[in-house]
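In the working numbering, the protein residues as written are 2 to 209. Just so it is clear, CB atoms sit at the ideal spot from N, CA and C, and this is done for glycine as well.
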Ligand SMILES: [Zn+2]
C-alpha cells in the first residue's frame, strides 16, 4: 500500500475497537453520508464531491456515531464492532451460559471465504469460524450459530445428543428458521436490503 499523502493523514483509518475504516466515495450520493459495518470494516460512504477536509470531518463524525450505536446495542448486526477478539470473548460467555462452559474453543474467527456455510468447527484443534455474512444479522441469530459450533466441539455429528445441547439456547428454533429464510431468499435472488451499496450477493445454508 502506498504511503498516505500529508493531506489525508488525519482521516482515521482504524476505529477505537481496532476495526479498519473504509471510506467509500460514491458519485450516486449527493449530500447524504452513511456509516455501517460490513465484513468487519467500518464503512463510511460519502459523496464523491466531498473535499478532503469534508471527508476528514465526516469520517470522524460518523465513527463517533457508529460507536454510540454500538454502545446502545440495538441488536442490528452491522452496527457492532466485529473483531475476532470480541467474538472469542462472546463465545466464551455463550459456552458458560448454555453449555456449562464445557466447550472451550482454541480460536473463534470471522472468515470471508465461507460461501456455503454460516459457521464451521474443527473439534480436532478446537477452532471455530463464522462467516462474516452473519455480521449483518441480528445478534440472537449469530449467537445461535456460535452455540451450534460450540456444541460441535463436544459432539461432532447432528445426532439427538447434539441437538439437545443446542436447544439449551432458547432462540435455537427461531434462529434456524431465520437462516433458512435467508438462504431461501438468497437462492431466489430476493434482495434483503435494496438500498445498500455493498455487495449483496451471498449464498448460504444452515449452520454446519
Ligand atoms: Zn452442525
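In the structure shown, residue 172 adopts coil according to DSSP, grouped into three states.
Closer than 7 Å to some heavy atom of ligand 1: that does not describe the Cβ of residue 14.
Comparing alpha-carbon positions, the option among 171, 149 and 172 lying closest to residue 162 turns out to be 149.
Close CB contacts of residue 95 within its chain, under the 7 Å cut and outside five residues either way in sequence, are with 144, 147, 148 and 151 (chain order). Taken through DSSP and simplified to helix, strand or coil, residue 161 comes out as helix. Taking C-alpha positions only, residue 153 is separated from residue 84 by approximately 22 Å. Of 101, 99, 159 and 138, the smallest CA-CA separation from residue 122 is found for 159. In the same chain as residue 52, and ignoring 5 residues on each side of it, no C-beta atom comes closer than 8 Å to its own. For residue 52, the secondary structure class from DSSP, reduced to helix, strand or coil, is coil.
Annotated as proximal: residue 38 and residue 136, with beta-carbon spacing under 8 Å.
For residue 112, the enclosing beta strand (DSSP E) has its first and last residue at 108 to 112. Just so you know, the alpha carbons of residue 58 and residue 21 end up roughly 17 Å apart.
As the crow flies, the alpha-carbon of residue 157 is around 11 Å from that of residue 164. Inclusion of residue 63 and residue 28 in the CB contact set at 8 Å is not warranted, their separation being larger than that value. Contact check for residue 60 against residue 46 fails: the beta carbons are separated by 8 Å or more. Checking the 7 Å criterion, the Cβ of residue 159 is within range of a heavy atom belonging to ligand 1. Between residue 179 and residue 142, the C-beta spacing is below 8 Å. Inclusion of residue 110 and residue 120 in the CB contact set at 8 Å is not warranted, their separation being larger than that value.
Sixteen is the threshold: since fewer than 16 other Cβ atoms of the shown chains lie within 10 Å of the Cβ of residue 181, the residue is exposed. Contact check for residue 24 and residue 12: beta-carbon distance about 7 Å, within the 8 Å limit, so the pair qualifies. Taking all protein chains in view, the Cβ of residue 118 is crowded by 16 or more other Cβ atoms within 10 Å, so the residue is classified as buried. Annotation for residue 129: the continuous beta strand (DSSP E) segment containing it runs 128 to 132.
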